[in-house]
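Under numbering that gives the first Met the number 0, read the sequence shown as residues 0 to 77, first letter to last.
Even for Gly, the Cβ is constructed at its ideal location relative to N, Cα and C.
Values in this document were obtained by computation on a predicted structure and should not be read as measured data.
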Amino acid sequence: MGKHKVKTRNTRKLKSFGAHIKKLRQEKGLTQEQLADIAKVSENTIVTIETGKLNTTVATCFDISKALGVDIKELFDF
0 MGKHKVKTRN TRKLKSFGAH IKKLRQEKGL TQEQLADIAK VSENTIVTIE
50 TGKLNTTVAT CFDISKALGV DIKELFDF
């Protein structure tokens with residue numbers, strides 16, 4: 000498999016993940032800034048995750064899930 004195909008596949012996954020995080024955030028009635036404050040991450044981190052531009056860490060996923068009040072497994076149910 001070529002390097003380009005792997006990058007494209009990963010990009011689609013990251014965009015889907017980000018869209019799911021955005022949906023969960025909006026369902027909780029939070030802005031990106033509010034979620035960032037609660038999760039103790041930068042607003043830019045939330046923005047880049049939601050737009051599929053950041054392949055974030057597991058630790059940040061735990062922080063976001065806690066801030067959203069959901070089990071971490073729910074972040075990956077997309």
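Out of G51, L13 and R24, which one is the CA nearest neighbour of A38?
The residue labelled residue 38 in the question sits at position 39 within the sequence shown. Among G51, L13 and R24, the Cα nearest to that of A38 is on R24.
Give me, in chain order, the residues of the same chain whose beta-carbon lies closer than 8 Å to that of K61; leave out the 5 immediate sequence neighbours on both sides.
Here residue 61 refers to the residue found at position 62 of the sequence shown. Residue identity differs from the one stated: residue 61 is Phe in this sequence, not Lys. Taken in chain order, the residues that qualify are I71.
Using the three-state DSSP reduction, which class does T10 fall into: helix, strand or coil?
Stepping through the sequence shown from its first residue, residue 10 is reached at position 11. In the structure shown, T10 sits in a helix (DSSP, three-state: H, G or I).
Cβ atoms of V46 and Q33: under 7 Å apart, would you say?
Residue mapping note: residue 33 aligns to position 34 of the sequence shown, counting from 1. Residue mapping note: residue 46 aligns to position 47 of the sequence shown, counting from 1. No, Cβ-Cβ distance for Q33 and V46 is not below 7 Å.
Could you say which of T7, N9, F16 and K52 lies nearest to S64 if we only look at CA atoms?
As a position in the sequence shown, residue 64 is number 65, starting the count at 1. Minimum Cα distance to S64 is reached at F16.
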